[in-house]
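J.: Chains as they are written, first to last, in the numbering used here: chain U, 1 to 277; chain V, 278 to 537. By construction, the Cβ of each residue, glycine as well, lies at the ideal position given by its N, Cα and C atoms. Here the structure is a predicted model, which means the values were calculated and not measured.
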Amino acid sequence: MMELWHNVIGRLPFDWAQYAFMHNALLAVIIITPLLALLGCMVISNQMTFFSDAIGHATLAGIALGAIMGMNDPFWAMIIFAAMLTLAVTFLRRLSTAPSDAVIGLVMAFAVALGVVLLSRGGGFARYSKYLIGDILTIMPPEIFRMLLVVAAVAVIWTLLFNSIFLAGLNRSLARSRGLNIWPTETVFALLVALVVATTIPWIGLLVINSMLILPAIAARNLAQSMRGYIFWSIGLALVSGAAGLLSSYYLGTATGATIVLCAFACFVATLVFRKR
Amino acid sequence: MGGKAVIEKINLHIHCGELTVIIGPNGAGKTTLLKAILGEVPHIGKLQFARSDRKEARGRPKIGYVPQRFEIDAHAPVSVMDLFSATLAKWPVWFGHRRKITEAALKMLAQVQVAHLADERLGKLSTGQLQRVLLALALTPAPDILLLDEPTAGMDPAGAALFYDIISKLRHDYDLSIILVSHELPVVAQFADRILLLNRTVLCDGPPHQVLSNKLLVETLGNDVIIPAPPAEERFTAHNRRRQECDTRSATGLPQRSTP
Numbered sequence: 001m002m003e004l005w006h007n008v009i010g011r012l013p014f015d016w017a018q019y020a021f022m023h024n025a026l027l028a029v030i031i032i033t034p035l036l037a038l039l040g041c042m043v044i045s046n047q048m049t050f051f052s053d054a055i056g057h058a059t060l061a062g063i064a065l066g067a068i069m070g071m072n073d074p075f076w077a078m079i080i081f082a083a084m085l086t087l088a089v090t091f092l093r094r095l096s097t098a099p100s101d102a103v104i105g106l107v108m109a110f111a112v113a114l115g116v117v118l119l120s121r122g123g124g125f126a127r128y129s130k131y132l133i134g135d136i137l138t139i140m141p142p143e144i145f146r147m148l149l150v151v152a153a154v155a156v157i158w159t160l161l162f163n164s165i166f167l168a169g170l171n172r173s174l175a176r177s178r179g180l181n182i183w184p185t186e187t188v189f190a191l192l193v194a195l196v197v198a199t200t201i202p203w204i205g206l207l208v209i210n211s212m213l214i215l216p217a218i219a220a221r222n223l224a225q226s227m228r229g230y231i232f233w234s235i236g237l238a239l240v241s242g243a244a245g246l247l248s249s250y251y252l253g254t255a256t257g258a259t260i261v262l263c264a265f266a267c268f269v270a271t272l273v274f275r276k277r
Numbered sequence: 278m279g280g281k282a283v284i285e286k287i288n289l290h291i292h293c294g295e296l297t298v299i300i301g302p303n304g305a306g307k308t309t310l311l312k313a314i315l316g317e318v319p320h321i322g323k324l325q326f327a328r329s330d331r332k333e334a335r336g337r338p339k340i341g342y343v344p345q346r347f348e349i350d351a352h353a354p355v356s357v358m359d360l361f362s363a364t365l366a367k368w369p370v371w372f373g374h375r376r377k378i379t380e381a382a383l384k385m386l387a388q389v390q391v392a393h394l395a396d397e398r399l400g401k402l403s404t405g406q407l408q409r410v411l412l413a414l415a416l417t418p419a420p421d422i423l424l425l426d427e428p429t430a431g432m433d434p435a436g437a438a439l440f441y442d443i444i445s446k447l448r449h450d451y452d453l454s455i456i457l458v459s460h461e462l463p464v465v466a467q468f469a470d471r472i473l474l475l476n477r478t479v480l481c482d483g484p485p486h487q488v489l490s491n492k493l494l495v496e497t498l499g500n501d502v503i504i505p506a507p508p509a510e511e512r513f514t515a516h517n518r519r520r521q522e523c524d525t526r527s528a529t530g531l532p533q534r535s536t537p
């Protein structure tokens with residue numbers, strides 16, 4: 001499969017098309033950006049923007065714990081830590097009297113502080129700055145494959161639970177009167193967001209991951225009249241800004257994740273002009 | 278919170294084809310009662326659902342619910358059909374709508390005179406149109422009990438009149454038990470089969486001509502309330518005859534105490 005991909009892209013008459021790392025990066029962008037955009041639609045609808053941002057930042061502690069345990073690739077430490085934080089937020093929300101966003105802010109601050117403290121022991125923080133900015137140009141086929149597994153998991157849960165998540169975000173009373181169990185639905189969704197965010201952070205960077213999640217969806221809202229339009233516009237805009245961002249970053253020599261986010265922001269500004277009344 | 282009972286000692290039977298209106302001052306627990314029926318607030322006591330064959334039905338009755346305020350983001354990219362599709366099927370909304378769902382939805386939307394708005398965004402609908410869409414949604418699939426929490430709040434008089442006309446017709450067509458919370462006494466007097474005066478417990482319960490002439494009504498709602506003339510009594514003898522026929526197909530005993 002990968003050979004076919006290298007063959008096809010390698011034939012393109014562009015400067016960047018002769019490098020294998022660009023082939024890998026392009027494939028990763030084509031997988032990651034729609035995945036984030038798809039989840040982003042429901043993150044916006046269910047008012048979880050701050051939550052997803054917090055999870056992104058909090059994976060820093062997961063990276064730190066992975067490093068302490070001597071893992072070369074802190075993938076699993078990040079996933080497990082993100083999942084634990086998600087559950088912590090869900091439980092604290094139910095137990096505490098503080099508003100939801102305050103609880104999320106609290107958990108995020110704790111996890112970021114923990115991450116920075118652990119990673120800066122002995123002044124070695126600079127080694128981990130790649131997680132802040134992300135580097136999609138170093139992605140390798142096994143990691144792309146891992147991404148595809150996450151896509152498969154999202155696809156299954158998305159098919160089974162999409163309507164429930166959508167309804168819970170639209171109106172809770174209505175959802176409950178339809179026999180929907182909101183708490184488990186929202187927890188599964190939050191775990192899914194945590195999984196995807198933790199998986200994609202090494203390539204996109206935790207500073208901009210949330211923008212990548214929500215920007216295409218926000219832009220799509222300006223154009224869509226229905227859920228179908230919302231999701232498809234969001235995926236389309238994510239793909240366009242992903243490809244444009246990757247190629248611009250190649251020619252400009254900039255960090256890819258942030259460049260993609262700037263392209264997505266440009267898309268958002270453009271949709272303001274065409275927005276529905 | 279705090280474990281204080283909001284409403285207590287409530288015991289009533291709701292019959293099919295009957296429009297019961299709950300009135301009472303603010304904070305009387307009207308919405309709480311509806312939410313207790315929905316199972317949204319914890320309560321002591323139980324709901325019993327009896328069918329005409331006198332066997333107790335299994336599980337909970339199907340409840341259609343139109344919330345008091347359907348707060349929705351005006352710019353949310355959600356069409357009327359999306360709302361139906363998400364509620365009625367597991368098939369993800371954005372994959373497209375199933376024909377069976379579309380047909381059922383259009384049929385019910387036509388009943389409440391909003392079929393032409395099926396592809397419209399929810400945020401573009403007027404208050405009256407949105408409430409009728411929600412009514413159609415609550416009626417698909419046909420419920421045993423329909424709960425309406427101040428459904429005409431914020432509507433213009435024409436819209437409210439249309440809404441009550443539709444409700445009134447549906448009650449007979451579908452043999453529905455309707456429980457409606459309302460502040461609008463004139464409308465209540467015109468359409469209700471039965472009025473329930475609630476202030477933390479049931480103060481008064483009966484057909485409109487009884488309740489509207491009860492002095493507890495003025496005591497509870499205040500002196501400045503304008504009490505409409507109750508409709509003629511004979512309207513209800515016909516109704517009561519029908520009630521005997523359908524008997525207790527959907528009778529319910531309501532929760533006795535409720536602690537949110």
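1) Checking the sheet assignment: what are the DSSP bridge partners for Ile-356(V)?
2) Taking 7 angstroms as the CB-CB cut-off, is Arg-398(V) touching chain U?
3) Nearest-angstrom Cα distance between Ile-260(U) and Ile-133(U)?
4) For Leu-60(U), I'd like the list of residues in its chain whose CB is within less than 6 angstroms of its CB, leaving aside the five on either flank, ordered along the chain.
5) Could you work out which residues of chain U lie near Val-370(V), taking near to mean beta carbons separated by less than 9 angstroms?
6) Alpha carbons only, please: which of Pro-302(V), Leu-399(V) and Ile-291(V) is nearest the one belonging to Leu-475(V)?
7) With DSSP as the reference, please indicate the residues paired to Cys-481(V) in a beta bridge.
8) For Thr-138(U), does the count of other Cβ atoms within 10 angstroms reach 16, so buried, or fall short, so exposed?
9) Should the segment 236-245 of chain U be regarded as contacting the segment 205-225 of chain U, the criterion being three or more beta carbon pairs within less than 8 angstroms?
10) Counting C-beta neighbours from all protein chains within 10 Å, is the total for Trp-183(U) 16 or more, i.e. buried, or is it exposed?
11) Following the continuous alpha helix (DSSP H) through Thr-271(U), name the residue where it begins and the one where it ends.
12) Which residues of the segment 35-62 of chain U have a Cβ closer than 8 angstroms to any Cβ of chain V? Give them in chain order.
13) By Cβ distance below 8 angstroms, which residues in the same chain neighbour Ala-175(U) in space, the five residues on each side in sequence not counted?
14) Applying a beta-carbon distance threshold of less than 8 angstroms, which residues of chain U neighbour Lys-367(V)?
15) Taking only the alpha-carbon atoms, compute the straight-line gap between His-460(V) and Leu-206(U) and give it to the nearest angstrom.
16) From the beta carbon of Tyr-451(V), is the nearest beta carbon of chain U less than 7 angstroms away?
17) Can you grab the Cα-Cα spacing for the pair Leu-281(U) / Phe-274(U), in whole Å?
18) 7 angstroms is my cut-off, CB to CB: does Asn-171(U) come that close to chain V?
19) For Leu-315(V), would you say it is in contact with chain U, using Cβ-to-Cβ distances shorter than 7 angstroms as the test?
20) Looking at the strands, I want to know which residues DSSP matches up with Thr-297(V).
21) Please find out if some non-hydrogen atom of the ligand SAM comes closer than 6 angstroms to the beta-carbon of Thr-417(V).
22) If the criterion is Cβ atoms closer than 7 angstroms, does the pair Ala-194(U) and Ala-266(U) meet it?
23) So, with DSSP's three-state summary, where would you put Leu-425(V)?
24) His-393(V): buried (16+ other C-beta within 10 angstroms of its C-beta) or exposed?
25) At the level of alpha carbons, what is the spacing between Leu-118(U) and Leu-65(U)?
26) Any beta carbon of chain U sitting closer than 7 angstroms to that of Phe-347(V)?
27) Touching or not, the segment 358-367 of chain V and the segment 463-483 of chain V, by the rule of three or more beta carbon pairs under 8 angstroms?
28) Applying a beta-carbon distance threshold of less than 8 angstroms, which residues of chain V neighbour Arg-221(U)?
29) What's the C-alpha gap between Gly-123(U) and Met-71(U)?
30) Check each candidate in Ile-44(U), Met-69(U) and Phe-75(U) and name the one with the smallest Cα separation from Val-355(V).
31) Between Ala-58(U), Thr-254(U), Gln-225(U) and Val-196(U), which lies nearest to Leu-36(U) when the distance is taken from Cα to Cα?
32) Do you know how far the Cα of Gln-467(V) is from the Cα of Ser-490(V)?
T.: According to the data block:
1) Sequence index remark: in the second sequence, residue 356(V) carries index 79 (1-based). Just to set this straight, residue 356(V) is Ser in the shown sequence, not Ile. Its beta-bridge partners are Arg-398(V).
2) Counting from 1 along the second sequence, the entry for residue 398(V) is found at position 121. It does: the Cβ of Arg-398(V) has a partner Cβ on chain U nearer than 7 angstroms.
3) Along the first sequence, one-based indexing puts residue 260(U) at 260. Along the first sequence, one-based indexing puts residue 133(U) at 133. In this model, Ile-260(U) and Ile-133(U) are separated by some 12 angstroms (Cα to Cα).
4) By one-based count along the first sequence, residue 60(U) stands at place 60. Cβ-Cβ distances below 6 angstroms link Leu-60(U) to Val-112 and Gly-115 in the same chain, with the five nearest sequence neighbours on each side left out; the list follows chain order.
5) Numbered from 1 along the second sequence, position 93 holds the residue referred to as residue 370(V). When 9 angstroms is used as the limit between beta carbons, Val-370(V) is near these residues of chain U: Phe-162, Asn-163, Phe-166, Ser-226, Met-227, Arg-228 and Ile-231, in chain order.
6) Start at 1 with the first residue of the second sequence, and residue 475(V) comes out as number 198. Answer by Cα proximity: Pro-302(V).
7) Along the second sequence, read from residue 1 onward, the residue named residue 481(V) stands at position 204. Secondary-structure assignment with DSSP links Cys-481(V) through a beta bridge to Leu-474(V).
8) On the first sequence, position 138 is the one that residue 138(U) refers to. With fewer than 16 Cβ atoms within 10 Å of its Cβ, Thr-138(U) is classed as exposed.
9) Enough Cβ pairs lie closer than 8 angstroms, so yes.
10) Start at 1 with the first residue of the first sequence, and residue 183(U) comes out as number 183. Note on Trp-183(U): under 16 other CB atoms within 10 angstroms of its CB, so exposed under the neighbour-count rule.
11) Translated into the one-based positions of the first sequence, residue 271(U) becomes position 271. In the DSSP annotation of this structure, the continuous segment of the alpha helix (DSSP H) that includes Thr-271(U) starts and ends at 256-273.
12) Residues Ser-45.
13) Counting from one through the first sequence, the residue named residue 175(U) turns up at place 175. A distance below 8 angstroms between beta-carbons, with the five flanking residues on each side excluded, links Ala-175(U) to the following residues of its chain, in chain order: Ser-164, Leu-167, Ala-168 and Ile-182.
14) Here residue 367(V) refers to the residue found at position 90 when the second sequence is read from its first residue. For Lys-367(V), the chain U residues whose C-beta falls within less than 8 angstroms of its own C-beta are Leu-160 and Asn-163, listed in chain order.
15) Your numbering for residue 460(V) matches position 183 in the second sequence. Your numbering for residue 206(U) matches position 206 in the first sequence. A straight line joining the alpha-carbon of His-460(V) with that of Leu-206(U) spans about 52 angstroms.
16) In the second sequence, residue 451(V) corresponds to position 174, counting from 1. Chain U, which has no Cβ nearer than 7 angstroms to the Cβ of Tyr-451(V), makes this no.
17) Chain U is shown from 1 up to 277; residue 281(U) falls before or after that span and cannot be answered.
18) Here residue 171(U) refers to the residue found at position 171 of the first sequence. Chain V contact via Cβ: present.
19) By 1-based counting over the second sequence, the position of residue 315(V) is 38. Contact with chain U is found for Leu-315(V), since one of that chain's Cβ atoms lies less than 7 angstroms from the residue's Cβ.
20) Counting from 1 along the second sequence, the entry for residue 297(V) is found at position 20. Ile-456(V) and Arg-471(V).
21) Among the components modelled here there is no ligand, and therefore nothing to report on the ligand SAM.
22) In the first sequence, counting from the first residue as 1, residue 194(U) sits at position 194. In the first sequence, counting from the first residue as 1, residue 266(U) sits at position 266. It is not a contact, given that the beta carbons lie outside the stated cut-off.
23) Here residue 425(V) corresponds to residue number 148 of the second sequence, with the count starting at 1. The answer is strand: DSSP assigns Leu-425(V) an E or B state.
24) Position 116 of the second sequence, counted from the first residue, corresponds to residue 393(V). By the neighbour-count rule (16 or more Cβ atoms within 10 Å), His-393(V) is not buried but exposed.
25) Looking up residue 118(U) in the first sequence gives position 118. Looking up residue 65(U) in the first sequence gives position 65. Between the C-alpha atoms of Leu-118(U) and Leu-65(U) there is a straight-line separation of about 8 angstroms.
26) What you label residue 347(V) is simply residue 70 of the second sequence in a count that begins at 1. Phe-347(V) counts as touching chain U.
27) With a cut-off of 8 angstroms on Cβ pairs, the segment 358-367 of chain V is not in contact with the segment 463-483 of chain V, counting fewer than three such pairs.
28) Within the first sequence, the letter at position 221 stands for residue 221(U). Neighbourhood of Arg-221(U) in chain V, by CB distance below 8 angstroms: His-352, Ala-353 and Pro-354, in chain order.
29) Translated into positions along the first sequence, residue 123(U) becomes position 123. Translated into positions along the first sequence, residue 71(U) becomes position 71. Gly-123(U) and Met-71(U): Cα-Cα distance of roughly 19 angstroms.
30) The residue you call residue 355(V) lines up with position 78 of the second sequence. Of the listed residues, the one whose Cα sits closest to Val-355(V) is Ile-44(U).
31) Locating residue 36(U) in the first sequence gives position 36, where the first residue counts as 1. Distances from the alpha-carbon of Leu-36(U) to those of Ala-58(U), Thr-254(U), Gln-225(U) and Val-196(U) put Val-196(U) closest.
32) Against the second sequence, residue 490(V) aligns to sequence position 213. Against the second sequence, residue 467(V) aligns to sequence position 190. Ser-490(V) and Gln-467(V): Cα-Cα distance of roughly 14 angstroms.
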